[in-house]
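Letter 57 of the sequence shown, counting from 1, is numbered 56 in numbering that gives the first Met the number 0, and no numbers are missing. Glycine is no exception: its CB is placed at the ideal position from the N, C-alpha and C atoms. Quick notes on the structure that follows.
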Amino acid sequence: MKPREPHFAFFSSHFRGCHPSFMTASRDLITNLLNSTQCLGRATTIGTSDNPIGFFRFVHSRRPAIPGPSLIRTEAWQVMDIAKGRILIVGGGSGMGLALARRCLGAGAEVIIAGRSEAKLKQAREDLGQASSLETVAVDIAREEQVADLFRRTGPLDHIVSTAADIEGAYELLPAIDLKAAQRVMDSKVYGPLLLAKYGAPMLPAWGSITFTSGIAAYRPSARGSVVAAVNAALEGLVRALAVELAPIRVNAVSPGWVDTPIWAHVAGDEKEERLSAMAKRLPVGRVGRPDDIADAIGFMMGNGFTTGTILHVEGGHRLI
């Protein structure tokens with residue numbers, strides 16, 4: 000490996016007048032430290048770009064502090080520690096979950112997609128090319144016995160993700176709200192995640208993670224959205240509590256903005272395209288979200304070992320308008 004030369008331009012201004020032997024000894028010491036650090040593993044500069052920190056460029060290894068799956072890089076994704084990992088994606092039959100499953104499979108992970116609809120699971124398997132490293136499991140995460148059985152079937156995992164959301168019938172003005180529809184939202188986005196954490200955490204290693212999806216409604220609620228706003232806010236509170244209780248397992252949530260997924264059929268019906276187009280014109284980024292945008296964010300949450308109890312907002316600047 001070619002020796003790495005540290006940046007010493009600052010010596011001329013900060014150490015002018017020092018004895019030459021001091022300058023030489025300092026330069027040799029720091030050079031040796033940097034080069035010895037490179038021998039620890041795959042070394043890169045801190046952060047995603049080669050930016051100076053202070054006067055030096057510090058080198059560090061991307062090797063996890065706790066032994067775990069190795070970090071990998073693919074053309075389609077950022078660096079993630081999912082190589083040869085085993086990932087459960089609840090709600091992976093469509094939309095954001097399906098996009099995440101595709102990326103995880105492409106990165107070399109084993110993926111288990113779980114959901115209530117056998118038809119969606121079958122279609123997802125076809126969409127993902129009948130990958131040999133893909134499993135599908137039918138489960139209702141609001142049923143405790145089914146969740147317990149799910150984890151008996153999966154065995155050890157590295158990451159758990161849930162993008163499940165049953166909001167059919169929940170977007171109504173207050174006088175028309177059906178409590179059964181509201182209960183289904185709670186089941187899919189609060190009680191379901193609680194059960195996934197209860198039975199899934201024992202299947203995870205110390206470096207594992209659990210990631211849920213909340214949503215912009217908790218921050219920018221609209222008329223007809225009181226149930227979804229309340230449920231998303233409740234889920235985020237659950238995330239923070241679980242991050243404390245389950246540590247060192249990391250627990251986070253991604254909060255999407257308006258994303259073009261099939262769920263919009265329940266939100267806007269025939270007005271879907273019109274409403275998404277109108278929102279795209281308002282957002283600072285000039286468009287609504289895509290499933291891959293959220294998959295990227297979930298990938299960060301899985302791969303970053305220093306993030307827990309955090310809500311990652313991926314909403315195109317929606318909270319600014």
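Neighbourhood of residue i by C-beta distance below 6 Å, restricted to the same chain and skipping five residues each side
| i | result |
| --- | --- |
| Arg318 | Tyr218 |
| Trp263 | Lys271 |
| Arg115 | Asp139 |
| Glu134 | Ile111 |
| Ala123 | Gly92, Leu97, Ile112 |
| Glu125 | none |
| Ser276 | none |
Straight-line Cα distance separating residue j from residue i
| i | j | result |
| --- | --- | --- |
| Ala205 | Ile112 | 22 Å |
| Thr307 | Leu245 | 10 Å |
| Ile310 | Gly92 | 23 Å |
| Val258 | Phe150 | 30 Å |
| Lys271 | Arg101 | 25 Å |
| Gly191 | Val266 | 21 Å |
| Ser234 | Glu143 | The sequence given here has Leu at residue 234, not Ser. Looking at the two C-alpha atoms, the distance is approximately 18 Å. |
| Ala8 | Ser221 | Per-residue confidence for Ala8 stands at a pLDDT of 44, beneath the threshold of 50, marking its modelled position as unreliable; no derived number is given. |
| Thr162 | Val250 | 14 Å |
| Lys188 | Gly214 | 11 Å |
| Met278 | Gly154 | 43 Å |
| Lys280 | Ile320 | 11 Å |
| Ala200 | Lys83 | 19 Å |
| Ala106 | Asn303 | 16 Å |
| Pro283 | Arg274 | 16 Å |
| Gly178 | Pro261 | Position check: residue 178 holds Leu in this sequence, whereas Gly was assumed. Using only the alpha carbons, I get a separation of about 23 Å. |
| Glu74 | Ala108 | Confidence at Glu74 is low in this model, with a pLDDT of 42, below 50, so the placement of that residue is unreliable and no value is reported for it. |
| Pro247 | Arg85 | 18 Å |
Outcome for residue i when other beta-carbon atoms lying within 10 angstroms are tallied against a minimum of 16
| i | result |
| --- | --- |
| Val313 | buried |
| Ala327 | As shown, the chain starts at 0 and ends at 320. That puts residue 327 outside it, with no answer to give. |
| Asp269 | exposed |
| Leu172 | exposed |
| Gly285 | exposed |
| Pro290 | buried |
| Val110 | buried |
| Pro2 | Residue placement at Pro2 cannot be trusted, given a pLDDT of 44 that sits under 50; the coordinates are not used to answer. |
| Val243 | exposed |
| Ala118 | exposed |
| Ala240 | exposed |
| Leu120 | buried |
Per DSSP, cross-strand counterpart(s) of residue i
| i | result |
| --- | --- |
| Thr210 | Val160, Asn251 |
| Val138 | For Val138, which the question treats as bridged, DSSP gives no partner whatsoever. |
| Ala113 | Val89, Val136 |
| Val313 | Pro255 |
| Gly236 | In the DSSP output, where bridge partners are listed per residue, Gly236 has none listed. |
| Gly288 | Val258 |
Beta-carbon proximity list for residue i, same chain, < 7 Å, skipping 5 on both sides
| i | result |
| --- | --- |
| Met301 | Met79, Ile81, His158, Ser208, Thr210 |
| Val136 | Ile111, Ala113, Leu149, Arg152 |
| Ala296 | Val253, Leu311, Val313 |
| Ala181 | Ala169, Val226 |
| Ala232 | Ala217 |
| Gly224 | Tyr170, Ala216 |
| Phe305 | none |
| Tyr198 | Val146, Ala147, Phe150 |
Assumed close pair residue i, residue j - CB separation to whole angstroms, cut-off 8 Å
| i | j | result |
| --- | --- | --- |
| Ile88 | Val138 | With 8 Å as the limit, Ile88 and Val138 do not qualify as a contact, their Cβ atoms being about 12 Å apart. |
| Gly288 | Gly315 | 6 Å |
| Leu195 | Val146 | 6 Å |
| Leu193 | Leu237 | 6 Å |
Sequence-distant residues of its chain with Cβ nearer than 8 Å to residue i (five each side left out)
| i | result |
| --- | --- |
| Val293 | Here residue 293 turns out to be Ile, not Val, going by the sequence shown. Contacts found: Met95, Ala98, Leu99, Thr162, Thr212, Val253, Pro255, Val258, Val313. |
| Val184 | Ala164, Asp165, Ile166, Ala169, Val226, Val227, Val230 |
| Leu104 | Val110, Leu127, Ala130, Ser132, Leu133 |
| Asp186 | Ile140, Ala141, Asp165 |
Heavy atom of the ligand GTP within 6 Å of residue i beta-carbon
| i | result |
| --- | --- |
| Leu234 | Among the components modelled here there is no ligand, and therefore nothing to report on the ligand GTP. |
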